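Enquirer: Quick one: the structure is below, questions incoming.
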Amino acid sequence: MKITFCCTGTKPEPWLAGLRSALPGAEVTVWEAGAPAADHAVVWAPPQQFFDEQVKLKGVFNIGAGVDALLKLRLPPQATVVRLDDAGMSVQMAEYVCHAVIRHFREFDGYAADIQARTWSYRKPRERAEFPVGVMGLGVLGARVAQSLAQFDFPVVGWSRSAKELMGVRCFAGAAQFDDFLAATRILVNLLPLTPETRDIMRLETLSRLQSGAYVINVARGAHLVDDDLLALLASGHLAGAMLDVFRTEPLPLEHPFWREPKITITPHTSARTLRDESIAQIVGKVRALEAGHAIVGVVDPVRGY
Ligand code: NAP
Ligand code: GLV
């Protein structure tokens, strides 16, 4: 069995070593133009030339959860495209989002500023019931995040394409219930995949439907958010702030106004990192399953876009 590795921006050696040790007998190499046809590919942001040449692939394993960039390419029609299914990401995402929600709810930035000014002062405790959190996307990451927030006794609502039942989470589904979901939300968390249906989903019209003084946490993709609309709603006071991990252009260009807006906290696309050992173990298990003709989870539906 031949496995080709084509991951832009990723040091290949430790991946090759891990894949070789878990799949003894497999030939695992870094892709280069003109390389012989492989059976499976491990990819992140490969060039179109990769798929134009690797036309016999059975499995294409994306070393991330989001496949929006991959699905822009022309892929071999017979290949099964597989995304990372948690692989250590959901706990990181839960940490990041719970941190963001609690930091905002408990006004820790305000306390940090007070301490910086050598001021010992108390703020009136806020009512948790007045800060319902709405999680858009209740998949592998969103479900874990929503349930982690519920553990802190926040009222939690969630929204997905198909109807769900999650303990501690009031679930809404489909376009018909989107407005009700927004109206029930004060802290909005985005964990949707980027698809033609979800692009620009956080825009003036939708963000205006959130409860007054809302807070936005975007940990999915930058193109879900219309940047100017976020800035306008921060200026009007409808939104109290935002914590953003993903941007339309990454790295965020230095001239972008988000750098200078004090109500926005930015992090460099780090909320849930790909963990190498967990990812290799998952990919190897799925390569073996595909070779044996077994079904696997995490298969991407190219029509649905995730
Ligand atoms: P997932 O398991 O595929 O879950 C996606 C969820 O979104 C599902 O609940 C799905 O509904 C829902 N959804 C999709 N389209 C929808 C629509 N049009 N309307 C309503 N709901 C819709 O994905 P995941 O593993 O949780 O990952 C989510 C995203 O997080 C990834 O696509 C990626 O962009 C992002 N991500 C970011 C980072 C980071 O470091 N910032 C790391 C990893 C992932 P159904 O359940 O009904 O299908
Ligand atoms: C990261 O953004 C991922 O999609 O895994």
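Numbering (the working numbering), first residue to last: 315 to 620. Glycine is no exception: its CB is placed at the ideal position from the N, C-alpha and C atoms. Values in this document were obtained by computation on a predicted structure and should not be read as measured data.
Would you say the beta carbon of SER593 is closer than 7 Å to some non-hydrogen atom of the ligand NAP?
Expert: No, the Cβ of SER593 stays beyond 7 Å of every heavy atom of the ligand NAP.
Enquirer: Going by other Cβ atoms of all chains shown within 10 Å of its Cβ, with 16 needed for buried, is PHE468 buried or exposed?
Expert: By the 10 Å Cβ count, PHE468 comes out buried.
Enquirer: Helix, strand or coil for MET403 per DSSP?
Expert: Helix at MET403.
Enquirer: Closest to LYS370 by C-alpha separation, out of VAL342, ALA351 and LEU589, would be which residue?
Expert: Of the candidates VAL342, ALA351 and LEU589, the one whose C-alpha sits nearest the C-alpha of LYS370 is ALA351.
Enquirer: List the whole-angstrom C-beta distance separating ALA497 from VAL483, where the pair is believed to meet the contact cut-off of C-beta under 8 Å.
Expert: That belief does not hold up - the Cβ atoms of ALA497 and VAL483 are roughly 16 Å apart, past 8 Å.
Enquirer: Quick one: measure Cβ to Cβ for ALA359 and THR322, integer angstroms, because I've assumed they're closer than 8 Å.
Expert: Rounded, the Cβ-Cβ distance is 4 Å, consistent with contact.
Enquirer: Return the first residue and the last residue of the alpha helix (DSSP H) that SER526 is part of.
Expert: Careful: SER526 lies outside any alpha helix (DSSP H) and carries neither H nor E.
Enquirer: Tell me the residue span of the alpha helix (DSSP H) that contains GLY332.
Expert: 326-336 is the extent of the alpha helix (DSSP H) around GLY332.
Enquirer: What whole-angstrom Cβ distance do ALA393 and GLY373 have, given they're in contact under 8 Å?
Expert: That belief holds up - the Cβ atoms of ALA393 and GLY373 are roughly 7 Å apart, short of 8 Å.
Enquirer: Taking the Cβ atom as the reference point for each residue, do LEU387 and GLN362 lie within a distance shorter than 8 Å?
Expert: In contact: LEU387 and GLN362 (Cβ atoms closer than 8 Å).
Enquirer: Tell me the DSSP bridge mates of GLY448?
Expert: Paired residue(s): VAL471 and LEU502.
Enquirer: If you follow the alpha helix (DSSP H) that VAL459 is in, where does it begin and where does it stop?
Expert: Unbroken alpha helix (DSSP H) run through VAL459: 454-465.
Enquirer: According to DSSP, is TRP434 helix, strand or coil?
Expert: Coil, per DSSP.
Enquirer: Nearest by alpha-carbon distance to VAL598: which of CYS320, LEU518, THR324 and LEU398 is it?
Expert: Per the Cα distances, LEU398.
Enquirer: So what does CYS412 bridge to, in DSSP terms?
Expert: CYS412 pairs with nothing; no bridge assigned.
Enquirer: Residue ranges of each beta strand (DSSP E) run of no fewer than 3 residues wholly in the stretch 333-364, ordered along the chain?
Expert: Listed in chain order, the complete beta strand (DSSP E) runs (minimum 3 residues) inside the stretch 333-364 are 341-344 and 354-358.
Enquirer: Looking at C-alpha atoms only, which residue of ALA489, PHE561 and ASP542 is the closest neighbour of PRO582?
Expert: Here the closest residue by C-alpha is PHE561.
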